[in-house]
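Data block below; observations after.
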Amino acid sequence: MVNQELAQIFYNFAIFLEMDGEAFKPFAYERAGAVLEVLTEDINDIYKKEGLKGLERIPGIGVSIAEKIEEYLKTGEIKYYEQYKKKYPVDVKELIAVEGIGPKMVKALWKELKIKNLKDLERAAKAGKIRNLPHFGEKTEKNILQSISFLKREKGRFLLGGILPTVQEIIGGLKSLKEVKSVSEAGSVRRRKETIGDVDILVASSKPSKIIDYFVSVPGVVKIWAKGPTKASIRRKEGFDVDLRVVPEKSYGSALQYFTGSKEHNIVLRQIAVNKGLKLNEYGLFKGKKMIAGKTEEEIYKKLKMEIMEPELRENTGEIEAAQKNALPKIIGYQDIKGDLHCHSDWNGGENSIEEIAKAAMAMSYEYIGIADHTKFLRIENGLDEKQLKERNKEIDRLNSKIQISNSKQISNFKFQILKGCEANIMPDGSIDIEDEALEKLDYVIAGIHSQFKITKDKMTKRIITAMKNRNVDIISHPTGRLIQKRDEYQIDFDEILKVAKETGTILEINSYPERLDLRDVYIKKAKEAGVKMIINTDAHHINQLHFIGYGISQARRGWAEKKDIINTQSLEYLLEYFK
DNA sequence: GCCGTTTTCGGCCCGACTGTTTTCAGTCG
């Protein structure tokens, strides 16, 4: 989307301006970039409808940046920006990604050594050329090399799903110490972002040294980066870094608020504090020298005259304004899901029998579970044909009656049901790979794209729309097809898809699989605004993956989704009626 | 370059650390 292209340009713009020592413009451009990145409307549509004035209506975009957006939409480039690209023919984004390198260093490296990209930087550092530059030294050079090797190995970020279990383990360990009064994850982990750079953990205690000593000696620590009186930084064997900070109880709330971020959220919060004649930092909220809040996050937000919001909302994408008006959404909770409708059994590529899946679902206190085996097109996953699907349905009927009989004697109002579903394949022309007659026998039908991702935007949009108009199709799985850090989403006109989803009552999936998390948060927000229903599913191929649901819920929360927007927060009766 | 229940001009978030320096610029979160 053109929004993202412009966002990236403005981010780079900000860096160029900072290289030239501009004082306040970089901040303005960075803000414009951040605003565009999360803007749900297509900037091109806004411009077409309302022209320059429409652009200037967007907060953070004024006359000058609006004109640059116009220029980009009309000509595909921005002259002023092109001039900078000529002046500094450098891959700023790549270089700035190196820990410890900022705009000023990029400039020096270019001017003195003609370093343009990561490759040049690595070569120069290995040759020992960097240490001779003014304001650089041996240690800086060594740090740069370390940073580059980390970047190359891990691309710098980790999937939330890959690290959260370990984080919770570490926190559990800290909780067991009697010196620990409170402990929580902070930073992007607490905000449940899709990917995590490094992990922040915060502890309240009056005995910091004991906590620090324990923290650096836990099994799994492979390197201690820093160990001070109240903070420590380590690398885990899994490859990511963890920062721990210990603060006194009276500052725990302000520190938690501060270290949870996001940076953008905090900037605005501190500004609001300043406007009220107050000062906010990690030690508390102050009026002059007097501390007026700090023990809890609630009292800080309250003193700043707003509702406290869930960490997943703290991105400065409208939550602060909403909180000031007491108009925060009541986002879906982690206990609100009543069942998972996208599980693969051993009838296709999955690892567990339907009975095992049902038992695991009951253990999670679900009211229903849906088996959505692949259909025949997906040979590699043993997709089921019409006949096999019929056999599988019989098995589900058998299990359902067995469950009812075995439980009716013990709990009178017990209800649990296994639903008959499938994840059918959407063919390139939008048709479904299995007969309508077979689909009609099911409780519900998921349809998804599993092949031919690289077709034009127009064709892909039509393909999905054709599938949604099939009267048997209830849900579209992983609607944009992206795999985080592996594959971009396919080209679609999302607004058009929302329109047809609304007309046909088709549900869009929020796939909880850690590398999918598809829909993304901005799309969830759009779907909610369009009144399109969503469902949070796991796509589990093993019962150990049923807990992925938490990541999908996080994603929904970051998209401001409420309970009513998510259909599997509802009862079985409601669901079956809706599908019919 | 943006913005306005103190302002259409004069402000713009805050503190700590690091590595290079003899007092601080640059970077980070």
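Residue numbers (my numbering): 2 to 581.
All C-beta atoms in this analysis are idealised placements derived from N, C-alpha and C, irrespective of residue type, glycine included.
Since we're looking at a predicted model, the values are computed, not measured.
In this structure, how does DSSP classify residue i when only helix, strand and coil are distinguished?
| i | result |
| --- | --- |
| S207 | coil |
| Y259 | helix |
| W111 | helix |
| K232 | strand |
| Y446 | Reading the sequence as shown, one finds Val at residue 446 and not Tyr. V446: coil per DSSP, three-state reduction. |
| Y369 | strand |
| R488 | strand |
| D386 | coil |
| V583 | As shown, the chain starts at 2 and ends at 581. That puts residue 583 outside it, with no answer to give. |
| T467 | helix |
| T457 | coil |
| A125 | helix |
| A227 | strand |
| R559 | helix |
| N1 | With the chain covering 2 to 581 only, the question about residue 1 has no answer from this structure. |
| I397 | helix |
| P104 | helix |
| G553 | helix |
| Y89 | coil |
| M2 | coil |
| V217 | helix |
| A98 | coil |
| N353 | coil |
| S572 | coil |
| D494 | coil |
Have a look at residue i and residue j and give me their C-alpha separation to the nearest angstrom.
| i | j | result |
| --- | --- | --- |
| I427 | R517 | 18 Å |
| G129 | E142 | 8 Å |
| L257 | Q405 | 47 Å |
| R399 | I476 | 26 Å |
| H542 | E123 | 42 Å |
| F241 | D214 | 19 Å |
| D459 | Q492 | 8 Å |
| A364 | L342 | 16 Å |
| L329 | W561 | 9 Å |
| G55 | L74 | 14 Å |
| G162 | G553 | 10 Å |
| V523 | P135 | 44 Å |
| S189 | L165 | 11 Å |
| F11 | E31 | 6 Å |
| D92 | K117 | 6 Å |
| K326 | L314 | 15 Å |
| K500 | L40 | 19 Å |
| S346 | K416 | 22 Å |
| A35 | V533 | 26 Å |
| A468 | K224 | 52 Å |
| Q571 | N471 | 24 Å |
Do residue j and residue i have their beta-carbon atoms positioned less than 7 Å apart in this structure?
| i | j | result |
| --- | --- | --- |
| L160 | P480 | no |
| D244 | S255 | no |
| A425 | T376 | yes |
| K168 | E186 | The identity of residue 168 in the sequence shown is Val, whereas the question assumes Lys. Contact flag set, yes. |
| R464 | G431 | yes |
| L1 | E95 | Any question about residue 1 goes unanswered here, given that the chain covers just 2 to 581. |
| I447 | S478 | yes |
| K288 | L279 | yes |
| K547 | A323 | Per the sequence presented here, residue 547 reads as Leu, with Lys not at that position. Not in contact: L547 and A323 (Cβ atoms no closer than 7 Å). |
Who does residue i pair with in a DSSP beta bridge?
| i | result |
| --- | --- |
| M535 | L509 and I567 |
| N426 | G449 |
| V222 | R237 |
| I420 | In the sequence as presented, Ile is not what sits at residue 420; that position holds Leu. Answer is G371. |
| I433 | I427 |
| I477 | A448 and L509 |
| D43 | For D43, which the question treats as bridged, DSSP gives no partner whatsoever. |
| I541 | In the sequence as presented, Ile is not what sits at residue 541; that position holds Ala. C344. |
| D519 | N512 |
| T376 | L385 |
My parser needs the beta strand (DSSP E) runs of 3 or more residues fully inside the region 154-192; what are they?
Counting only unbroken stretches of 3 or more residues, the beta strand (DSSP E) elements lying wholly within the region 154-192 are 183-187, in sequence order.
Which full runs of the alpha helix (DSSP H) of 4+ residues lie inside the region 301-349, going along the chain?
Runs found: 320-325.
Would you mind listing the alpha helix (DSSP H) stretches within the region 238-301 that are 4+ residues and don't spill past its ends, in chain order?
If we require 4 residues or more, the alpha helix (DSSP H) runs fully inside the region 238-301 come out as 253-261 and 264-276.
Let me know the alpha helix (DSSP H) ranges lying completely inside the region 10-56, each 4 residues or longer, listed in chain order.
The alpha helix (DSSP H) runs of length 4 or more contained entirely in the region 10-56 are, from start to end of the chain, 26-39.
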